[in-house]
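Note that numbering that gives the first Met the number 0 has the sequence shown beginning at 0, numbered continuously upward.
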Amino acid sequence: MKNLFRLAAIIAALVNTVSAANIVALGVNKPADCPALRPLLEDLKAVQFPNNWTVYVACSDVVWQKIIQREDVEGLTSVGITDRVHKLTIINGAMYSPLFSFDRQVQRTPVRILKHELGHIICDSRKEDVADGFVDSGVCKNRVLMASASK
Ligand SMILES: [Zn+2]
0 MKNLFRLAAI
10 IAALVNTVSA
20 ANIVALGVNK
30 PADCPALRPL
40 LEDLKAVQFP
50 NNWTVYVACS
60 DVVWQKIIQR
70 EDVEGLTSVG
80 ITDRVHKLTI
90 INGAMYSPLF
100 SFDRQVQRTP
110 VRILKHELGH
120 IICDSRKEDV
130 ADGFVDSGVC
140 KNRVLMASAS
150 K
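The following block contains the structure:
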């Protein structure tokens, strides 16, 4: 949590273009220079993030490395970071590269990775199993448990 302000600062420094409402390409001079942007926009039609959310896409490995180093999450994730306090999700654009390997990922497609991040948001949970459960079921395991506990 201590690094959230620094993360906001580095994002501010990296933002060069706003491609569409709430979707920001990081590390390029213009949207066309970000190879991940077009497929991401397509996938975000199927996986709809809240209107008040901002989805950032790291358009190069250099940018992504900077982000995960600042977040102290290196090794924990290689494709997505969701910050529920600041209402933002950062996606590693490399996942849209044909060379990208999903071997180390629980979720094996970009759409499922986006749904996982959306699960953190909708379920308001930092737990990975809750987000993964949302990918398959569209419901929040934590909410179900709370609901049954209150009966
Ligand atoms: Zn997660």
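Just so you know, even glycine gets a beta-carbon here, dropped at the ideal spot from N, CA and C. All figures in this text were calculated on a predicted structure; none of them were measured in a lab.
Assignment of Asn-141 by DSSP, reduced to helix, strand and coil, places it in the helix class.
With a cut-off of 7 Å, the C-beta of His-85 is classified as distant from ligand 1, since no heavy atom of the ligand falls inside that distance. His-115 is a Cβ neighbour of Val-134, given a cutoff of 8 Å. In chain order, the residues that have a beta carbon nearer than 6 Å to some heavy atom of ligand 1 are His-115, His-119, Glu-127 and Ala-130.
Non-local beta-carbon contacts of Gly-118 in its own chain, meaning distances under 8 Å to residues more than five positions away in sequence, involve Ser-124, Val-129, Ala-130, Asp-131, Gly-132, Phe-133, Val-134 and Cys-139 in chain order. For Pro-30, the number of other beta carbons within 10 angstroms of its own is at least 16, and it is reported as buried. Ala-35 has its alpha-carbon roughly 7 Å from the corresponding atom of Ala-93. By the criterion of at least three beta-carbon pairs nearer than 8 Å, the region 50-59 is in contact with the region 86-103.
In this chain, the beta strand (DSSP E) harbouring Val-23 covers 22-25.
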